[in-house]
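Structure first, then comments.
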Amino acid sequence: MALSVREYRARIKSTESMKKITRAMELIAASRIIKAQQRADAAAPYARELTRAVSAVASFSNVDHALTTEPENPTKAAILIVTSDRGLAGAYSSSVLKEAERLIEKLRGEGKQVDIYISGRKGEAYFKFRARPIVQSWTGFSDQPTYDVAHDIGETLIQAFLNDDETVAEEGVAPGADEVHVVYTRFRSMLVQEPTAVRLLPLEVVEGTEAPEDAELLPLYEFEPSPSDVLDSLLPRYVQSRIFFAHLQAAASELAARQKAMKAATDNADELIKKYTRIANQARQAGITQEISEIVGGVNALADANAGQD
Amino acid sequence: MSDDTLHVELVAADRLVWSGEASQVLARTTEGDVGILPNHAPVLALMVHGVVDVTTTDNETWVAAVDEGFLSVANNRISILAEHAEMAHDIDLEKAKADLERVKKSGELLNDAEEALQSAWAEARINAAERAS
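Going down the list, the sequences are from chains A and B.
If you're matching positions, the first sequence starts at 0 in numbering that gives the first Met the number 0 and goes up one per residue.
If you're matching positions, the second sequence starts at 0 in numbering that gives the first Met the number 0 and goes up one per residue.
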């Protein structure tokens, strides 16, 4: 019991104010998750229609497109890692980074060189601290991503994929890549978010992901101006919409992870306050006991002295 | 689905802008303006910045500004997909005009493609807003 009662009181006070902060963050995260989920739902029709159209084109024309062609001898890969801008979200960023490291290891094992693209300040900090090169990073939007950002990222990655292997990273020029992967956190439920890695490019168009309505086959489309032009415009949009989807999922996951972490922090603060209150009470009691025994000791000593004089 | 109406969905990248039944849709594709009536043959067409006119089954018309995207028609279902889309009554005409001015003024700073894109989007919004009023 080294500390005085006053010091314990100060600790209790600071823990209480921390608890207020974590409680507030928990509530904010909880209210934002709903919005993030609504945004994800709102973006679903676009993704659905786009997928329909892409699979329609893919099934009715034999047009080969640069974005769907598998390079014969892949030697370079690009990875986009979707992390958060802010911490205090438990293991959210570290688990997505761990997943990314695993993928990087795997790709290196296959003899591929890996270029890293980052979305979110936490991931950027992680690689900068370890002095590992990042090709490009985008920050400042992790809890409410907009389509414009996804568009931007998509364009960069598509450019990288279309560039030659020999292209060297320069200002505004993405180095070439034979395949592009995305690592993000998938939002399964409020309790479960799992880091996932998917290959974005070359595209694998899943034909007929949804059973055509009314049990009809997909109609025989006319393409204007031509199938290849339509595909040219559709596929980049498809890629961008996938990236947007990944960001929306990541945003919802980030908020859910933050809510969970802040709830745990608030609970911990409660425990600590309880513990410190007990210790403080004990210390106070010890002090009182000591004072009483001192008084009693003093009185006894006086009484002894008086008895001696008599 | 009845035979003489079109089910229209106007979808932007981040939300569903409008959906409902219509009797006619006018849009601008890369090949020129197209008008689509019920029982149109299946088409997938690319759209340019412009205005989409829809006549609903109640004989009302509404107008929306869209930027580049595409249009798919099949089985009396029309999906209009664009990265950005705005209904005419949501468009702030003053702001669109100001945007156009700004883009034109800063023309030297932006590269041509970006400038063309931004001014086309501003013009589409102005057109839509004026058409509706």
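Just so you know, even glycine gets a beta-carbon here, dropped at the ideal spot from N, CA and C.
Taking 8 Å as the CB-CB limit, is P37 (chain B) close to chain A?
no
Member of B:E20, B:E82, B:A97 whose CA lies at the smallest distance from the CA of L36 (chain B)
B:E20
CB contact flag (A11 (chain B), A81 (chain B), <8 Å)
Yes, the Cβ-Cβ distance between A11 (chain B) and A81 (chain B) is below 8 Å.
Can you have a look at P315 (chain A) and say buried or exposed, based on whether 16 or more other CB atoms are within 10 angstroms of its CB?
Summary: the structure shown does not reach residue 315 (chain A), with chain A confined to residues 0 through 309, and so no result is reported for it.
Neighbouring residues, chain B, relative to A245 (chain A) (Cβ below 7 Å)
Near A245 (chain A) there are no residues of chain B at all, since even the closest Cβ is about 14 Å away, more than 7 Å.
Status (buried if at least 16 other CB within 10 Å, exposed otherwise) for R131 (chain A):
In the assembly as shown, R131 (chain A) is an exposed residue. Its beta-carbon has fewer than 16 other beta-carbons within 10 Å.
Give me the Cα-Cα distance between L26 (chain A) and Q258 (chain A), rounded to the nearest whole angstrom.
L26 (chain A) and Q258 (chain A) have their C-alpha atoms spaced approximately 7 Å apart.
Sorted by chain position, which residues of the same chain lie with C-beta nearer than 7 Å to L161 (chain A)'s C-beta, five sequence neighbours on each side aside?
A65
Suppose contacts are defined by Cβ-Cβ distances below 8 Å. Is Q23 (chain B) in contact with G31 (chain B) by that definition?
With contacts defined by Cβ atoms closer than 8 Å, Q23 (chain B) and G31 (chain B) do not form a contacting pair.
Let's see if you can read the secondary structure: which residues bound the alpha helix (DSSP H) around F126 (chain A)?
120–128
Mind checking whether V51 (chain B) and A40 (chain B) have CB atoms under 8 Å apart?
no
Candidates A:L199, A:E203, A:Y183: closest to E100 (chain A) by CA position:
Answer by Cα proximity: A:Y183.
Alpha carbon to alpha carbon, what distance is there between A39 (chain A) and E203 (chain A)?
Going by the C-alpha atoms only, they are around 23 Å apart.
Under the three-state reduction of DSSP, which class applies to A255 (chain A): helix, strand or coil?
Note: A255 (chain A) maps to helix in three-state DSSP.
Could you check the C-alpha separation between M24 (chain A) and T54 (chain B) for me, to the nearest Å?
48 Å
For the candidate residues B:R76, B:K94, B:D66, whose alpha-carbon lies nearest to that of A123 (chain B)?
B:D66
On the DSSP letters alone, give me the boundaries of the alpha helix (DSSP H) that H150 (chain A) sits inside.
146–161
Grab me the residues of F186 (chain A)'s own chain with a C-beta within less than 7 Å of its C-beta, minus the 5 sequence neighbours each way, in chain order.
Only Q192, Q248, A251, S252, A255 meet the Cβ criterion.
For D269 (chain A), would you say it is in contact with chain B, using Cβ-to-Cβ distances shorter than 8 Å as the test?
no
Along the segment 9–25 of chain B, where does the CB come closer than 9 Å to a CB of chain A? Name the residues.
V10, A11, A12, D13, R14, L15, S18
Is the beta carbon of A121 (chain B) sitting closer than 8 Å to the one on L92 (chain B)?
no
Report yes if the C-beta distance between K14 (chain A) and I272 (chain A) is below 8 Å; otherwise report no.
The sequence given here has Thr at residue 14 (chain A), not Lys. Against a cut-off of 8 Å, the Cβ pair of I272 (chain A) and T14 (chain A) comes out as a contact.
Which residue marks the beginning of the beta strand (DSSP E) containing I78 (chain A), and which one marks its end?
I78 (chain A) -> beta strand (DSSP E) spans 75–81.
Which listed residue (A:I32, A:D228, A:E48) has its alpha carbon closest to that of Q143 (chain A)
Nearest option by C-alpha distance: A:I32.
Are the C-beta atoms of A119 (chain B) and some chain A residue less than 8 Å apart?
no
How big is the Cα-Cα spacing for D89 (chain B) and A159 (chain A)?
Straight across, the Cα-Cα distance linking D89 (chain B) with A159 (chain A) is about 37 Å.
Could you name the residues of the segment 75–100 of chain B whose beta carbon sits closer than 7 Å to any beta carbon of chain A, in the order they occur along the chain?
Taking 7 Å as the Cβ-Cβ cut-off, the segment 75–100 of chain B approaches chain A at S78, L80, E82, given in chain order.
Let me know if G139 (chain A) comes out buried or exposed under the rule of 16 or more other beta-carbons within 10 Å of its beta-carbon.
exposed
Given a cut-off of 8 Å on the beta-carbon distance, is the pair L79 (chain A) and Y237 (chain A) in contact?
no
Distance, Cα to Cα, M0 (chain B) vs V81 (chain A)?
Any reading at M0 (chain B) is ruled out, since the residue's pLDDT is 47, under 50, leaving its predicted position unreliable.
Three-state secondary structure (DSSP) of E15 (chain A)
helix
Taking the alpha-carbon of P70 (chain A) as reference, which of A:S92, A:L200, A:F128, A:Y45 has the nearest alpha-carbon?
A:L200
How many Å lie between A90 (chain A) and P226 (chain A) at the Cα?
46 Å
Per-residue contacts from A42 (chain A) into chain B (C-beta, under 8 Å):
A12, D13, R14
Sequence-distant residues of the same chain with beta carbon closer than 7 Å to G286 (chain A), five excluded per side:
V4
Along the segment 143–163 of chain A, where does the CB come closer than 9 Å to a CB of chain B? Name the residues.
Result list: T145, Y146, D147, A149, H150.
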